[in-house]
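For the sequence shown, my numbering assigns the number 104 to the initial residue and increments by one for each residue that follows. Each residue gets a CB set at the ideal place from its N, CA and C atoms; glycine is no exception. Bear in mind that the values here come from a model prediction, so they are computed numbers and not experimental data.
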Amino acid sequence: MPVIDSSPIPVIGDIKISTTGVLKLLTDLKVHKAAGPDNVTARVLKSCANSIAPFFQKLFQKSVSSGCLPAAWLDANITPIYKKGERSDPANYRPVSLTSNRKQTSGEPCIYIT
Numbered sequence: 104m105p106v107i108d109s110s111p112i113p114v115i116g117d118i119k120i121s122t123t124g125v126l127k128l129l130t131d132l133k134v135h136k137a138a139g140p141d142n143v144t145a146r147v148l149k150s151c152a153n154s155i156a157p158f159f160q161k162l163f164q165k166s167v168s169s170g171c172l173p174a175a176w177l178d179a180n181i182t183p184i185y186k187k188g189e190r191s192d193p194a195n196y197r198p199v200s201l202t203s204n205r206k207q208t209s210g211e212p213c214i215y216i217t
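(1) Short check: CB of Val-199 to CB of Thr-182, under 8 Å?
(2) Between the C-alpha atoms of Thr-130 and Asp-178, what's the straight-line distance to the nearest angstrom?
(3) Might you give, ordered along the chain, the residues of its own chain that have their beta carbon closer than 8 Å to the beta carbon of Lys-187, omitting 5 neighbours on each side?
(4) When the Cα atoms are used, what is the spatial distance from Ile-120 to Phe-159?
(5) Whole angstroms is fine: what's the gap from Asp-192's alpha carbon to Tyr-185's?
(6) Would you give the residue range spanned by the alpha helix (DSSP H) that Ile-184 belongs to?
(7) Which residue wins for smallest C-alpha separation from Ile-118, given the options Pro-173, Ile-155 and Ser-169?
(8) Quick one: what does DSSP say Lys-119 is sitting in, helix, strand or coil?
(9) Report back the beta-carbon spacing between Ala-152 and Lys-133 to the nearest angstrom; my notes put them in contact at under 8 Å.
(10) Report the residue ranges of all alpha helix (DSSP H) runs contained in full by the region 135-175; include only those spanning at least 4 residues, in chain order.
(11) Using DSSP's beta-bridge definition, name the partner residues of Pro-198.
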């Protein structure tokens, strides 16, 4: 069997989360969206953005560094949405999941690779 010296998958450098990026994500939240299973509204996150951005930066950085998400971010409210056809047939519905606004905030603009 041949020996492979290196992996075909490129190595990603250290991933850093910036407080500025987290603050931008928080201030750009759409306040009219529904709260997720944690009942924390986007309006609350947006109004407290300056105070909570450093905390979220540490939380997101810990999550990226450890490769683990907080358990609460894995929860979602699932609602069946009618598509078409007979309303009594479950196959005519599609699931829509509503996740935590905090999970949605851990997006790409606050991440940079060194």
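Well, looking at it:
(1) yes
(2) 23 Å
(3) Asn-195
(4) 10 Å
(5) 10 Å
(6) Not the alpha helix (DSSP H): Ile-184 falls in the beta strand (DSSP E), residues 179-185.
(7) Ser-169
(8) strand
(9) Rounded, the Cβ-Cβ distance is 14 Å, inconsistent with contact.
(10) 145-150 and 152-169
(11) Pro-183
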